[in-house]
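If you read the sequences in order, they're chains P and E. Using the numbering used here, the letters of the first sequence correspond one by one to residues 1 to 210. Using the numbering used here, the letters of the second sequence correspond one by one to residues 1001 to 1210. Below is one structure, written out as structure tokens; the observations come after it.
Protein chains: 2
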Amino acid sequence: MTDTRQKLIEATAEGLRTDGIAGLSARSVAARAEVNQALVFYHFGTMPELIQAATRAAVDENVIYYREQFAQIGSLRELLEVGRELHDREHTTGNIAVMAQLLAGAQQDLLLAEAGRYAMARWGEQIEAVVRRLMADSPLAGVVDPAGLASMISAVFIGLELYDGVDPVGSRAALDAVERLVVLVDVVDDLGPVASRALRSRLKKASAAR
Amino acid sequence: MTDTRQKLIEATAEGLRTDGIAGLSARSVAARAEVNQALVFYHFGTMPELIQAATRAAVDENVIYYREQFAQIGSLRELLEVGRELHDREHTTGNIAVMAQLLAGAQQDLLLAEAGRYAMARWGEQIEAVVRRLMADSPLAGVVDPAGLASMISAVFIGLELYDGVDPVGSRAALDAVERLVVLVDVVDDLGPVASRALRSRLKKASAAR
DNA sequence: GTCTATACACCGATAGAC
DNA sequence: GTCTATCGGTGTATAGAC
């Protein structure tokens, strides 16, 4: 990969982070990359294509970073810990902000939608694997849909990032609130086999009733 | 309120919905409102101020619409029902999309951040009241922070809206997944007093350990 | 691959006639 | 309150010299 391409890709992610999708332009990206503005179009054709390339590179890099950590998660408690670490870290690096701005722009642009779908799929498959593993021998095994839950977790990260931008205190409280609710799942998980079987039948009934 | 002001306010919400924050401009809004472009600045001064006025009006109107429905929610099951209805309805009307685009822009603009904070506060206080009421006589009363949970629910709506734009199937699965998890809370809620007391002590221990 | 120069549309915002 | 006209600047994108 040429130096200029790389510089443009990095400047684009940085631009999404700090200027947002509304403030991103070929001019601003080129200036940030200290590269001639015309090179944006020489290398990437159009702005959406550059954004696609940049966000794709960002998500590929970031997902790799967490692959090992994800593989070592063995309990819900650990998942929460890694989740909070990931949230804090990705929030300060701005990677979630990039994803949020991408998704905001994706609502009106087909190419950005494709890029957003790719990003969510990459994160989703990582998260899903962890959830699936953790749920395998839990009384919740039949109740939880790992793929759906993974999508929800991704959506929560995006939503919380945007929420944090307008109300950081509230976003902290929101994180704490789910953590405490997840403890509930943990408690259920730790129930004895009798209680666990009773719970399972109740859950079956409850799902059927819906 | 003059006719022109009203037209501009409505056109702004519509523009956020269909063009996104990145595609919104004084010219596009004025065209949509079939109003002279200079009137945007005569009536509102700057674009962010117009966006603030428009999103404020939108959230005020929409919150009122749900106030009655929220007041009638008496169980978690009903909360889920209203929640799904609200999500479906607000998603099709595009009101959540407006909020999502507002928050995306709010990350880079102080005035929009203020508008976003206002919107999240209005929704938050409504949701919090419901959560607080439902949790009052539940074994989870001490475990759940109503305000935090309300913030989380708001964030989920925003995140899910953006997620839906790139992967509608995944967003459906995500919604289904939490619904099934909430059933878990419902089951715990329906436990007898003995089991409930046992659970409460377990939860206390679990929270303390954190 | 990189540069300058440029086309042309659009941007927010203002001045001033009506 | 509304209009036209206009400012300076920025947007994407391209042509053509180097």
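Cβ coordinates follow ideal geometry from the N, Cα and C atoms, glycine included.
Using beta-carbon positions only, say whether Y1066 (chain E) and L1086 (chain E) come within less than 9 Å of one another.
To locate residue 1066 (chain E), count along the second sequence from 1; it is residue 66. To locate residue 1086 (chain E), count along the second sequence from 1; it is residue 86. Against a cut-off of 9 Å, the Cβ pair of L1086 (chain E) and Y1066 (chain E) comes out as a contact.
Determine, using beta carbons only, whether S1154 (chain E) comes closer than 9 Å to chain P.
Position 154 of the second sequence holds residue 1154 (chain E). For S1154 (chain E), the closest Cβ of chain P is nearer than 9 Å.
Whether A272 (chain P) touches A11 (chain P) by CB criterion (9 Å):
With chain P running from 1 to 210 in the structure shown, residue 272 (chain P) is simply not present.
How many Å lie between G1015 (chain E) and G1094 (chain E) at the Cα?
Walking along the second sequence from the start, residue 1015 (chain E) turns up at place 15. Walking along the second sequence from the start, residue 1094 (chain E) turns up at place 94. Straight-line spacing of the CA atoms in G1015 (chain E) and G1094 (chain E) works out to 11 Å.
Can you tell me whether DSSP reads I1127 (chain E) as helix, strand or coil?
Locating residue 1127 (chain E) in the second sequence gives position 127, where the first residue counts as 1. Three-state result, I1127 (chain E): helix.
I want to see whether chain E comes within less than 9 Å of D145 (chain P), judged by CB atoms only; does it?
On the first sequence, position 145 is the one that residue 145 (chain P) refers to. It does: the Cβ of D145 (chain P) has a partner Cβ on chain E nearer than 9 Å.
Which of the three DSSP states, helix, strand or coil, is assigned to P1048 (chain E)?
Translated into the one-based positions of the second sequence, residue 1048 (chain E) becomes position 48. Of the three classes helix, strand and coil, the one that applies to P1048 (chain E) here is helix, per DSSP.
Who are the Cβ neighbours of G1116 (chain E) in its own chain at under 6 Å, not counting the five residues just before and after it?
The sequence position of residue 1116 (chain E) within the second sequence is 116, counting from 1. Hits under 6 Å: L1102, L1103, A1106.
Report yes or no: do the stretch 1141-1160 of chain E and the stretch 160-178 of chain P share at least 3 C-beta pairs separated by less than 8 Å?
A contact exists between the stretch 1141-1160 of chain E and the stretch 160-178 of chain P.
Between the Cα of D88 (chain P) and the Cα atoms of P:V40, P:A198, P:T4, P:S171, which residue gives the shortest distance?
Here residue 88 (chain P) refers to the residue found at position 88 when the first sequence is read from its first residue. Nearest to D88 (chain P) by alpha-carbon distance, out of P:V40, P:A198, P:T4, P:S171, is P:S171.
Helix, strand or coil: which one does DSSP assign to Q37 (chain P)?
Locating residue 37 (chain P) in the first sequence gives position 37, where the first residue counts as 1. Here Q37 (chain P) sits in coil by DSSP.
What's the C-alpha gap between L1112 (chain E) and L76 (chain P)?
As a position in the second sequence, residue 1112 (chain E) is number 112, starting the count at 1. As a position in the first sequence, residue 76 (chain P) is number 76, starting the count at 1. Distance between the alpha carbons of L1112 (chain E) and L76 (chain P) is about 37 Å.
By DSSP, does A1141 (chain E) sit in helix, in strand, or in coil?
Position 141 of the second sequence, counted from the first residue, corresponds to residue 1141 (chain E). Assignment of A1141 (chain E) by DSSP, reduced to helix, strand and coil, places it in the coil class.
Measuring straight from C-alpha to C-alpha, what distance separates D167 (chain P) and A1129 (chain E)?
Numbered from its first residue, the first sequence carries residue 167 (chain P) at position 167. Numbered from its first residue, the second sequence carries residue 1129 (chain E) at position 129. If you take the alpha carbons of D167 (chain P) and A1129 (chain E), they lie about 19 Å apart.
Closest Cα partner of P139 (chain P) within the set P:A38, P:N62, P:R200, P:G74
Taking the first residue of the first sequence as position 1, residue 139 (chain P) is located at position 139. Nearest option by C-alpha distance: P:R200.
Shortest alpha-carbon distance to V63 (chain P) belongs to which of P:A100, P:E125, P:A155, P:I51?
Residue numbering aside, residue 63 (chain P) sits at position 63 when the first sequence is read from its first letter. Scanning P:A100, P:E125, P:A155, P:I51 for the CA closest to the CA of V63 (chain P) turns up P:E125.
Taking just the CA atoms, how far does V82 (chain P) sit from E68 (chain P)?
Reading the first sequence from its first residue, position 68 is the one you call residue 68 (chain P). Reading the first sequence from its first residue, position 82 is the one you call residue 82 (chain P). In this model, E68 (chain P) and V82 (chain P) are separated by some 11 Å (Cα to Cα).
Does any CB atom of chain E fall closer than 9 Å to the CB of L50 (chain P)?
Along the first sequence, read from residue 1 onward, the residue named residue 50 (chain P) stands at position 50. By the rule that beta-carbons nearer than 9 Å mark a contact, L50 (chain P) does not touch chain E.
Whole angstroms are fine: how far does the CA of A141 (chain P) sit from the CA of I1051 (chain E)?
As a working mapping, residue 1051 (chain E) is identified with position 51 in the second sequence. As a working mapping, residue 141 (chain P) is identified with position 141 in the first sequence. Computed Cα separation, rounded: 46 Å.
Does the Cβ-Cβ distance between E143 (chain P) and V131 (chain P) come in under 9 Å?
Walking along the first sequence from the start, residue 143 (chain P) turns up at place 143. Walking along the first sequence from the start, residue 131 (chain P) turns up at place 131. According to the sequence provided, residue 143 (chain P) is Val. The question's Glu does not apply to it. Going by beta carbons, V143 (chain P) and V131 (chain P) fall outside the 9 Å limit.
Quick check: what's the CA-CA separation for Q1108 (chain E) versus S25 (chain P)?
Taking the second sequence and counting its residues from 1, the one referred to as residue 1108 (chain E) is at position 108. Taking the first sequence and counting its residues from 1, the one referred to as residue 25 (chain P) is at position 25. Note on geometry: alpha-carbon atoms of Q1108 (chain E) and S25 (chain P) lie some 15 Å from one another.
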